[in-house]
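J.: Once you've had a glance at the structure underneath, I'll fire off some questions.
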Amino acid sequence: MFQMKRVLPFKLPILWCTSPWKMFDKVDESTVITKDVSTDTGWERLRLMFTFDEDISPELNSAMHAGLTGIFFGALYGGFVKSRLAYIDFFERNQATAFRSHVEAKKVLQDHVTINFAKGALYWGWRLGLFTSSLVLISTAVSIYRGKSGILEYTVAGCVSGCLFRANLGVRGMLVGGLLGSALGTIGGCVIFAILKASGFTMEDIRNTQYQWRKHRTETKQKWMKAATEKETVENELLKHHDAKLESPALPGSEPELDSN
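By the count of this note's numbering, the sequence shown reaches residue 262 at its end, each step adding exactly one.
Set out below in structure tokens:
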């Protein structure tokens, strides 16, 4: 229930000077808006994780980098293994094959090895990339939802990633993949936290370092773009001034000045 109080006119200036309402007209020159995330729920933190502005969140960026790294190493592993098997298989199958020349045999061998390298890179690249990206994404999402880091998110992420990795083998394959992924995720989580414990860091410290590094990179990029824009603006002004001087009509009786240089 509200209570209205009558204020005499001569008290209004005093009330205005002592009231906190006068702070509403003060201009805040800070461009950084902070928010207390300690009171956010798990779903609110997850929503912020999957919120896009001009760039993706640091958590999604880490998952993307993990996926690209998995694709790279998976392609190398699959390509080398498949090409080596193709090299051995070529000599075993073509011992009695008569080629027209030594150059033709080398060309056929090179084509066979290259094609199998591409097949092995494609076979293992997208699989390992999907596994690593899903592992990092799910473990990070579980950690953000819980509001703390532990071994549980690695176990859950390994289980889900193992199920996805063996989804083409049916329910039994997914079950085996989930159990194996859970075991590997638990082992990996224990190893990671043992290393962090020995180094004196936490997962939050690592994420904060990644955030600060990304923030510094963004600020440096913005400074470079601003400097380039200002330089381009100055050059455009000089060109406009030069063009204006050339297009301006000469005064009667005056001769154009020659550049001594």
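All C-beta atoms, glycine included, are put in the ideal place defined by N, C-alpha and C.
Compare the beta carbon distance of A87 and N117 with 7 Å and say whether it is the shorter of the two.
T.: Going by C-beta atoms, A87 is nearer than 7 Å to N117.
J.: Going by alpha carbons, who is nearest to G163 out of R128, C191, G190, A119?
T.: Closest by alpha carbon: R128.
J.: Would you check if the region 44-51 and the region 131-150 touch, i.e. whether three or more CB-CB distances between them fall below 8 Å?
T.: The region 131-150, when compared against the region 44-51, does touch it at the 8 Å Cβ threshold.
J.: Since V161 contacts S135 with CB under 8 Å, what's their CB separation in whole angstroms?
T.: Right, the Cβ-Cβ distance comes to about 7 Å (below 8 Å), so this counts as a contact.
J.: When the Cα atoms are used, what is the spatial distance from A158 to A122?
T.: Using only the alpha carbons, I get a separation of about 25 Å.
J.: CB F91 to CB L110, shorter than 7 Å?
T.: Against a cut-off of 7 Å, the Cβ pair of L110 and F91 comes out as a contact.
J.: Residues in the same chain with beta-carbon distance under 7 Å from I194, minus the five sequence neighbours each way, listed in chain order, please.
T.: Reading off the sequence, residue 194 comes out as Phe, not Ile. Here the set comprises I152.
J.: Looking at the unbroken alpha helix (DSSP H) that takes in I89, where does it start and where does it end?
T.: Its alpha helix (DSSP H) spans residues 59-94.
J.: CA-CA distance, T219 and F202?
T.: If I take the Cα positions, the gap works out to 25 Å.
J.: Tell me whether the beta-carbon of P59 lies closer than 7 Å to the beta-carbon of R173.
T.: Result no, Cβ atoms of P59 and R173 do not sit closer than 7 Å.
J.: Report yes if the C-beta distance between G186 and T156 is below 7 Å; otherwise report no.
T.: Contact: yes.
J.: Could you name the residues of the same chain whose beta carbon sits closer than 8 Å to that of K83, not counting the 5 residues immediately before and after it, in chain order?
T.: The answer, listed in chain order, is N117, F118, K120, G121, A122, Y124.
J.: Give the secondary structure of R173 by DSSP, where H, G and I count as helix, E and B as strand, and everything else as coil.
T.: Helix.
J.: Can you tell me whether G171 is buried or exposed? The criterion is at least 16 other CB atoms within 10 Å of its CB, across all chains shown.
T.: Flag for G171 reads exposed.
J.: State the start and end residues of the unbroken alpha helix (DSSP H) segment that holds I116.
T.: 103-147 is the extent of the alpha helix (DSSP H) around I116.
J.: Does DSSP put I193 in a helix, a strand or coil?
T.: Of the three classes helix, strand and coil, the one that applies to I193 here is helix, per DSSP.
J.: Quick one: what's got a C-beta closer than 7 Å to V137's C-beta in the same chain, skipping five residues either side?
T.: Correct list, in chain order: S63, A64, A67.
J.: Check L13 in the structure and name its three-state DSSP category.
T.: Caution applies to L13, whose pLDDT of 48 falls short of 50 and renders its modelled position unreliable; the model cannot decide the point.
J.: Any idea what DSSP makes of G201, helix, strand or coil?
T.: Looking at G201 - three-state DSSP - the assignment turns out to be coil, as it is neither helix nor strand.
J.: Under the criterion of a Cβ to heavy atom distance below 6 Å, does E238 qualify as lining the ligand COA?
T.: The ligand content of the structure shown is nil, which means the ligand COA is not present either.
J.: Between A245 and E55, what straight-line distance do the alpha-carbon atoms span, to the nearest angstrom?
T.: Approximately 40 Å, taken between the alpha carbons.
J.: Tell me which same chain residues have a C-beta within less than 7 Å of the C-beta of T230, skipping the five on either side of it?
T.: Excluding sequence neighbours, T230 sits near nothing in its chain.
J.: Where Q211 and G189 are concerned, what is the direct C-alpha to C-alpha distance, given to the nearest angstrom?
T.: Each residue's Cα considered, the two are about 21 Å apart.
J.: Comparing alpha-carbon positions, which option in T98, R101, H113 lies nearest R85?
T.: Taking only the C-alpha atoms, the option nearest R85 is H113.
J.: Apart from the five residues on each side of it in sequence, which residues of its chain come closer than 6 Å, Cβ to Cβ, to G209?
T.: One point to set straight first is that residue 209 is Asn, not Gly, in the sequence displayed. Correct list: empty, nothing qualifies.
J.: Keeping to the same chain, check which residues put their C-beta closer than 8 Å to that of G148; ignore five residues upstream and five downstream.
T.: Contacts found: G43, R46.
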